[in-house]
Amino acid sequence: MILVGLTGGIASGKSTASKIFKDLGAYIIDADVLSREVVEPSKPAWSKIVKRFGKEILNKDNSINRKKLAEIVFNNKKKRELLNSIVHPIVFKRAKEIEKEIVKKDPDAVIIFDAALLIESGAYKKMDKNIVVYADEDVQIKRLLNRNRFAKDEAVKRIRAQMPLKKKVEFADYIIDGNRTILQVRKDIKRVFERLKQEAR
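In this note's numbering, the protein residues as written are 3 to 203.
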């Protein structure tokens, strides 16, 4: 098998790439899905987060209000790092368990670990290969304006709160050009997937 990290920036096309890999037969471990699961009430990270950030971040049903928590950590680097230090190790542990389950049934699996913070968290070091989906900033802005109905300054703020994509590509074994049409992106991903399948064997 081969374990491949997949990352990008907001509105760069990472989610589209992940879906195409899945359609081609790759197994996807989605860090965002796992990070939602591990913070559910009674799950490992929940009590640690409530202890550090207070009960004001809870909804009436005791679930964490992700919007409130995001507002707290978005503009506060120390609090963001604190949250990540709670959530990331638990997410990686769960991802490892899923990876073992996949390999048991398919020893030649191409497993894609889809994570927005793949580089920042250091998880890229645990991967056999890393893929970065790149898009120019003006393309990201345009997509955020159309898709999320953000105001332009909000879109720019969101993009610049992340590690620059130009920096992320330095860690990539493969770069997918997210500026291109969906058909071109699909063709590029198919080519990368064929190579990964060969390496998995």
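Note that beta-carbon positions come from the ideal geometry of N, C-alpha and C, so glycine has one too.
DSSP-derived helix/strand/coil call for K45:
coil
Between Q142 and I12, how many whole angstroms is the CB-CB distance? I'm expecting something under 8 Å.
6 Å
Would you mind listing the beta strand (DSSP E) stretches within the region 18-67 that are 3+ residues and don't spill past its ends, in chain order?
29-32
Cβ separation of L26 and A19, assumed to be a contact under 8 Å, to the nearest whole Å
Not quite, the Cβ-Cβ distance comes to about 11 Å (not below 8 Å), so this is no contact.
Reduced DSSP secondary structure (H/G/I, E/B, other) of F152
coil
Contact defined as beta carbons within less than 8 Å: I believe K80 pairs with I74. What is the distance between those atoms, to the nearest angstrom?
Taking 8 Å as the upper bound for CB-CB distance, K80 and I74 are not in contact here, some 11 Å apart.
Identify the residues that DSSP records as bridge partners of T9: which are they?
V134
Let me know the secondary structure DSSP gives I4 once reduced to three states.
strand
Counting along the chain, where does the beta strand (DSSP E) carrying D89 start and finish?
A quick correction: the sequence has Val, not Asp, at residue 89. That residue, V89, is in no beta strand (DSSP E); its alpha helix (DSSP H) goes 79-107.
For N61, which residues of its own chain have a beta-carbon under 7 Å away from its beta-carbon, when the five flanking residues on both sides are left out?
Counting only Cβ-Cβ distances below 7 Å, and skipping sequence neighbours, we find N67.
Under the three-state reduction of DSSP, which class applies to D116: helix, strand or coil?
strand
Since I2 is in the alpha helix (DSSP H), which residue starts that stretch and which ends it?
This structure does not reach residue 2, given that the chain is present from 3 up to 203, and the question cannot be answered.
Return the Cβ separation of A117 and A125 in integer angstroms, given the expectation that the two are a contact with Cβ distance under 8 Å.
6 Å
Please report how far the alpha carbon of V89 lies from the alpha carbon of E101, in whole angstroms.
Those two C-alpha atoms are separated by around 18 Å.
Please go through the same chain and pick out, in chain order, the residues whose beta-carbon is closer than 6 Å to the beta-carbon of V135, but skip the five residues on each side of it.
G10, S14, G15, K16, A19, I178, G180
In this structure, does DSSP put R197 in helix, strand or coil?
helix
Between S37, L71, L120, I59, which lies nearest to L5 when the distance is taken from Cα to Cα?
Of the listed residues, the one whose Cα sits closest to L5 is L120.
My guess is that A137 and A33 are in contact by the Cβ rule of under 8 Å, so how many angstroms apart are they, rounded?
About 20 Å; that fails the 8 Å criterion.
Quick check: what's the CA-CA separation for A174 versus R38?
Rounded to the nearest angstrom, the two C-alpha atoms are 26 Å apart.
Could you say which of R182, D110, E139, K53 lies nearest to Y29 if we only look at CA atoms?
Minimum Cα-Cα distance from Y29 among the listed residues R182, D110, E139, K53 corresponds to D110.
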